[in-house]
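As C-alpha cells, the structure follows; a few thoughts come after it.
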Amino acid sequence: MACPSALARTTRRSLAQAACPCGSSYTVQQNTALQAIAQGCELTLSELAAANGVQQSDLIQAGNTLTIPGCNDGMPAGTMPASSAPPASTAAASSTGGGSCPDPDAALAAHNAARAAHGAPPLTWSTDLAASAQAVSNACMFAHSQPGENLSGGSTCTDATDSWVDEQQFCPCTEFSSEYGHFTQVVWKGTTQVGCGLAQCSDGPIVTCHYSPPGNVQGQYAANVS
1 MACPSALART
11 TRRSLAQAAC
21 PCGSSYTVQQ
31 NTALQAIAQG
41 CELTLSELAA
51 ANGVQQSDLI
61 QAGNTLTIPG
71 CNDGMPAGTM
81 PASSAPPAST
91 AAASSTGGGS
101 CPDPDAALAA
111 HNAARAAHGA
121 PPLTWSTDLA
131 ASAQAVSNAC
141 MFAHSQPGEN
151 LSGGSTCTDA
161 TDSWVDEQQF
171 CPCTEFSSEY
181 GHFTQVVWKG
191 TTQVGCGLAQ
201 CSDGPIVTCH
211 YSPPGNVQGQ
221 YAANVS
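So this is what it looks like as C-alpha cells:
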C-alpha cells in the first residue's frame, strides 16, 4: 500500500500534525497519535493492526514497535521529515495518551474551559480511562457500558466535547436528564479525571470519554453543577 504523494501528504500532515513514517518501524510513545499517523498514510487503524498482527486495541500500548506499510516516494525507512516531526519538548510534556483521539490535548482543554466557566476544578487526563474508553469505541456499538461515560459521533474528541457542552442550553440541571446528561458529566465538580478514545466504525466515528469518579449522581446535582 503506497503513501499519498508528497504534496498530498504535506497537506494532510498540516491538518493531522503527524508524519507518515511509512515503510519503517515506529515505536509507540505514550502520546503517539496513531489515528493521525494512520490517516497520514491513508490507512485505517484496523489496517495498521492487521499489518502488525495485533488487535486494534493493542496498537496504542506504549513501547510497541509497529511496522507502517510501504512507501513509494523515496522517504528513507525509519525517518520522519523535520517539517512534520513534533518538537521533542512537546512530546516529552504531553501526558494525554491511552486512546486514539487525534486531539487529546484540545479535548482536555475543552473540558476544562467548560468546567472553569461553571466553577469546577480542572480535570487531569488518565491513560487508563482513555484505554477503557478506546475499547468501548472499538466495539462500534453506540451504547453505554458503565456510569461516568459520554458517547458521541463526533469526528474528533474536541468536536464531541463541544457537542456535550452545548447541552447546557437545556439547563437548569437539577436532576438527571438525557437532554443535558453529557454536559453535567463534563462539568461535574466531583469528577477529577477523564480519558477518551475514538474509533472509525462502519456507520461513522464513535467518541467515548470515561470519567472518574463518575458524575450524574442522583441527589448530588446542587453540589456538583452550577
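In terms of full-length UniProt numbering, the sequence shown opens at residue 1 and continues consecutively.
Glycine is no exception: its CB is placed at the ideal position from the N, C-alpha and C atoms.
Nothing here was measured: the structure is a model prediction, and the numbers come from that model.
Asked                                                                                                                                     : Found
Could you spell out where the beta strand (DSSP E) holding Ser226 opens and where it closes?                                              : Taken as a continuous stretch (DSSP letters only), Ser226 belongs to no beta strand (DSSP E), as it is neither H nor E.
Using the Cα positions of Ala133 and Cys196, report the straight-line distance between them to the nearest angstrom.                      : 5 Å
Below 8 Å on the Cβ atoms is my guess for Leu123 versus Thr191; work out the distance and round it to an integer in Å.                    : 7 Å
Tell me the rounded alpha-carbon separation between Ser212 and Gln193.                                                                    : 5 Å
How big is the Cα-Cα spacing for Cys173 and Ser145?                                                                                       : 23 Å
Can you tell me where the beta strand (DSSP E) holding His144 begins and where it ends?                                                   : It is not in any beta strand (DSSP E) - His144 carries neither H nor E in the DSSP assignment.
Using beta-carbon positions only, say whether Cys157 and Val225 come within less than 7 Å of one another.                                 : no
Figure out for me which residue from Tyr221, Ser137, Val136 and Leu198 has the closest Cα to the Cα of Gly181.                            : Tyr221
Ala199 bridges to which residues according to DSSP?                                                                                       : Ile206
With Asn138 and Phe176 assumed to form a contact (beta carbons below 8 Å), what rounded beta-carbon distance in angstroms separates them? : That pair is no contact at about 27 Å.
How many Å lie between Gly99 and His210 at the Cα?                                                                                        : 11 Å
With DSSP as the reference, label Trp125 as helix, strand or coil.                                                                        : strand
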